[in-house]
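Reminder that position 241 of the sequence shown reads as 268 in the numbering used here, one-by-one numbering, no gaps. Here the structure is laid out as structure tokens; the discussion comes afterwards.
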Amino acid sequence: MKKDKTSPIGMFDSGIGGLSLYKPIKRLLPQEKIIYISDNLYSPYGKLTSEEIKKRSFKIVNQLISLNCKLIVVACNTATTNSITELRKKFEIPFIGIEPGIKTAALKSSSGVVGILATKRTLTSKLFYKTSNLYASHIKIIEKDGSDLVELIEKNKIYESNTIKLLKNYLKPMIKNKADVLVLGCTHFQFLKPIIKPIIKNKMKIYKINTAIAKQTKSILINKNILNLISKKNKNDQFYYTGSNEGLISYLKNPKTKKITI
Ligand code: DGL
28 MKKDKTSPIG MFDSGIGGLS LYKPIKRLLP QEKIIYISDN LYSPYGKLTS EEIKKRSFKI
88 VNQLISLNCK LIVVACNTAT TNSITELRKK FEIPFIGIEP GIKTAALKSS SGVVGILATK
148 RTLTSKLFYK TSNLYASHIK IIEKDGSDLV ELIEKNKIYE SNTIKLLKNY LKPMIKNKAD
208 VLVLGCTHFQ FLKPIIKPII KNKMKIYKIN TAIAKQTKSI LINKNILNLI SKKNKNDQFY
268 YTGSNEGLIS YLKNPKTKKI TI
């Protein structure tokens, strides 16, 4: 199949986290068809090794390319920080990734202390190490591995006392150390905002990067001359899953879901 302007955009994550990126992209580019893969049979990625994450990313990207995608959004900080460099070397298709917004956080912080909630694999990745060394070596970063939260979010247990308790434990040392910016370095954590806000009150700010990534997606499509110019909304988005479709069904309105073995 030949790729053209009407070919779909591919997206993937270890589960439903990437939907926090799917939504602003679809809002900005309603005419584009999106194919989303929730790799939840292998979730959470944060508990896999870096090699395993690369393997999953390569397999999923191959699958999205065989579904004729024209651009791929790696809608997962853990997959981006562990595999995007290799993906770009291996595949010609354009990639958009998401990584913790540590540069903005360092610029916006007045106290010089920033809190970051991400998965262990993101926090220990070479890319995160490089970025934080480059842009945030002058500030204090309080890192917390929030991998256990990913599993609770997948099960739609956001408002349960267990989730709130866990979150409070992660945020406490940040507040205590006077962090004034909180980086949500995992796409799943966007869904925690309603319960994060009452905990942090106005002590820490969260800067949005998802809309910036949607804009970046649009500008790459324009630059590569692959933006779909049809004005009608595309209602054929397809959501594949490798494990179960429960998460997709609870976070979206009537999604078209299909199991896939990758
Ligand atoms: N949503 C992912 C991220 O942005 C991955 C979470 C996980 O599977 O551990 O990091």
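For each residue, glycine too, the CB sits at the ideal point set by N, CA and C.
Check each candidate in the options and name the one with the smallest Cα separation from residue i.
{"i": "Lys116", "options": "Ile227, Lys135 and Val88", "result": "Val88"}
{"i": "Thr288", "options": "Lys60, Lys50, Pro51 and Tyr69", "result": "Tyr69"}
{"i": "Ile30", "options": "Asn272, Ile185, Leu98 and Tyr162", "result": "Contrary to the premise, residue 30 reads as Lys rather than Ile in this sequence. Per the Cα distances, Leu98."}
{"i": "Ala145", "options": "Ile169, Glu273, Cys96 and Lys60", "result": "Ile169"}
{"i": "Ile166", "options": "Gly270, Arg148, Thr151 and Ala206", "result": "Ala206"}
{"i": "Lys147", "options": "Lys74, Leu193 and Lys228", "result": "Lys74"}
{"i": "Ala132", "options": "Lys262, Ile240 and Met231", "result": "Met231"}
{"i": "Lys135", "options": "Ser152, Leu179, Lys235 and Leu46", "result": "Lys235"}
{"i": "Val208", "options": "Ala106, Ala163, Thr269 and Asn255", "result": "Ala163"}
{"i": "Lys86", "options": "Asn250, Thr76, Leu114 and Ser152", "result": "Leu114"}
{"i": "Val100", "options": "Gly44, Ser137 and Glu78", "result": "Gly44"}
{"i": "Ile92", "options": "Met28, Lys82, Thr151 and Ser137", "result": "Met28"}
{"i": "Lys50", "options": "Asp264, Ser271 and Gly270", "result": "Asp264"}
{"i": "Val210", "options": "Pro221, Lys171 and Ile191", "result": "Lys171"}
{"i": "Lys225", "options": "Thr158, Lys192, Asn250 and Lys251", "result": "Per the sequence shown, the amino acid found at residue 225 is Pro instead of Lys. Cα-wise, what sits closest to Pro225 is Lys192."}
{"i": "Ile185", "options": "Asn250, Pro221 and Ser152", "result": "Pro221"}
I think residue i touches residue j, with their Cβ atoms under 8 Å apart; what is that distance to the nearest whole Å?
{"i": "Met201", "j": "Gly142", "result": "3 Å"}
{"i": "Asn109", "j": "Ile80", "result": "4 Å"}
{"i": "Tyr63", "j": "Phe39", "result": "7 Å"}
{"i": "Leu194", "j": "Ile240", "result": "About 24 Å separates the two Cβ atoms, so there is no contact after all."}
{"i": "Ile253", "j": "Lys32", "result": "6 Å"}
{"i": "Phe216", "j": "Leu176", "result": "7 Å"}
Taking 7 Å as the threshold (C-beta atoms), are residue j and residue i in contact?
{"i": "Leu48", "j": "Asn281", "result": "no"}
{"i": "Cys96", "j": "Gly42", "result": "no"}
{"i": "Pro121", "j": "Gly212", "result": "no"}
{"i": "Leu279", "j": "Ser65", "result": "no"}
{"i": "Pro57", "j": "Lys199", "result": "no"}
{"i": "Lys245", "j": "Leu55", "result": "yes"}
{"i": "Gly173", "j": "Tyr156", "result": "no"}
{"i": "Asn204", "j": "Thr149", "result": "no"}
{"i": "Thr214", "j": "Ala106", "result": "no"}
{"i": "Pro321", "j": "Lys53", "result": "No answer is possible for residue 321: it lies beyond the span of the chain, which begins at 28 and ends at 289."}
{"i": "Ser277", "j": "Asn183", "result": "yes"}
{"i": "Tyr267", "j": "Lys283", "result": "no"}
{"i": "Ile111", "j": "Gln243", "result": "no"}
{"i": "Phe118", "j": "Ile180", "result": "no"}
Runs of alpha helix (DSSP H) wholly within the segment 39-114 (minimum 4 residues, chain order): Listed in chain order, they are 46-55 and 77-93.
Only counting runs of 4 or more residues, tell me where the alpha helix (DSSP H) segments fall wholly within the segment 217-265, in order along the chain. 220-227 and 237-250
Can you list the alpha helix (DSSP H) stretches of 4 or more residues lying completely in the segment 143-178, in chain order? Listed in chain order, they are 147-150 and 153-163.
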